[in-house]
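What follows is a single structure, written as structure tokens, with notes after it.
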DNA sequence: TGAACTATACCGGCTGGACGGTACATTTTC
DNA sequence: GAAAATGTACCGTCCAGCCGGTATAGTTCA
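Protein chains in written order, with the UniProt record's numbering: chain A, 1 to 186; chain B, 1 to 186.
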């Protein structure tokens, strides 16, 4: 853990700068300064700005994968429901961390759109899984609503208070639980 | 109209560059080149890059306001329903134009986050209106789903085909029509 | 009516600063 | 003392904004 701490700190500070000050302040010098090292030191760990962004995206992807239990194998039908529910739970549980992680996405889009290819793949996979569940249209709506909350927040457009957000998320969770239980009602 | 064409063309080209090539290619020189004038000529119409971005945002805000019929006064309750439905209809009707208009948003966030203040105000107003309708939680979910579709598309993360998107939007429209008719069912 | 003047639209070279990246020196760690 | 980690100094490029022009259409006035 200790030998990784500088690298971790660099990533953390990069995210903070992007979210607190804006992407235009995301420069190698600024990140190095905030991380308490020099630019040369930073470039030792990430040998280009692109590498730094890739590092942030990797962080994001890992977190998403772990949190959602992507690695666990279940039936395709239940997978969507579980992933949506887990995503909703995480957003309610730790909104700050969630927001921070999307900083890499913003940086990637600004620097070089090709960097988001892995994320595109993730979205594509979700779409494919979603198509398999009973009420795939509803699942898609929930999926986009989650994306909307996450991206709006990232852009500073979302001024929801916690209470309202919680209410929103619990309703979404309720809807998510319905996407594979249509048959029991109809 | 003719005396405005250069300014209009500049705005149009700026949006196209951002969406086609990425924000990193959005430079005054590139915009000028695409618009068929020189950088000096461009700066005659928009005397700074910030002014150009403000112009794009203004365009966006105007379009949104007109399309949604914000100016028409109805009861608060119906307003949300109407705005959501109109928004959904527009997205299905002219997705390309919808996408193009959000280019300004992306540029603004990169350049100077303060530029999106007017948009924040719009979002805030929406939230206030939404709180007034019968099923405000559902209305919020739809609102965020719309944002999610729009922003995902803008970032190139959305690889939906037209058919799926239409199905999605019609379901959303159906849900939107329900937000003020809960009382007739319960 | 035509000469002097003004406004509008646009051009293109220039500059100064910001920033990514390199090369190498220096310190720390084991 | 060697490898890892960090610092320092510098280079080259990119780009926003500035500025001195040009061209042309419209206006004023004698």
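We treat Cβ as the ideally placed atom computed from N, Cα and C, and that holds for glycine.
Values in this document were obtained by computation on a predicted structure and should not be read as measured data.
- DSSP, reduced to helix, strand and coil, places residue 48 of chain B outside both helices and strands of the structure shown, so it counts as coil.
- At least one CB of chain B lies nearer than 8 Å to the CB of residue 24 of chain A.
- Residues of chain B with a Cβ closer than 7 Å to the Cβ of residue 115 of chain A do not exist; the shortest Cβ-Cβ separation is about 10 Å.
- Chain-order list of chain B residues neighbouring residue 47 of chain A: empty, with the shortest C-beta distance near 20 Å, by a criterion of under 9 Å.
- Per the Cβ contact rule, the segment 115 to 132 of chain B is not in contact with the segment 100 to 120 of chain A (fewer than 3 Cβ pairs under 8 Å).
- Rounded to whole angstroms, the separation of the alpha carbons of residue 31 of chain A and residue 14 of chain A is 5 Å.
- When the beta-carbon positions are compared, residue 104 of chain B and residue 56 of chain B come within less than 8 Å of each other.
- Under a 10 Å Cβ-count criterion, residue 5 of chain B is classified as exposed, with fewer than 16 other Cβ atoms of the shown protein chains found around its own Cβ.
- Contact between residue 171 of chain A and residue 102 of chain A does not hold, since their C-beta atoms are separated by about 23 Å, which reaches or exceeds 8 Å.
- When Cβ-Cβ separations below 8 Å define contact, residue 27 of chain A makes no contact with chain B.
- Taking 8 Å as the CB threshold, residue 148 of chain A lines the interface with chain B.
- Ranked by how close their Cα comes to the Cα of residue 44 of chain A, the residues A:28, A:34, A:59 have A:28 in first place.
- Residue 8 of chain B and residue 53 of chain B have their C-alpha atoms some 13 Å from each other.
- Under the three-state reduction of DSSP output, residue 154 of chain A falls in the helix class.
- One Cα belongs to residue 92 of chain A, the other to residue 177 of chain B, and the distance between them is close to 28 Å.
- Secondary structure note for residue 102 of chain A: it is in no alpha helix (DSSP H), with a DSSP letter that is neither H nor E.
- Comparing C-alpha distances from residue 87 of chain B to each of B:24, B:110, B:63 shows the shortest one belongs to B:63.
- Using a Cβ distance threshold of 8 Å, residue 17 of chain B and residue 80 of chain B do not count as a contacting pair.
- Between residue 152 of chain B and residue 144 of chain A, the CB-CB gap stays under 8 Å.
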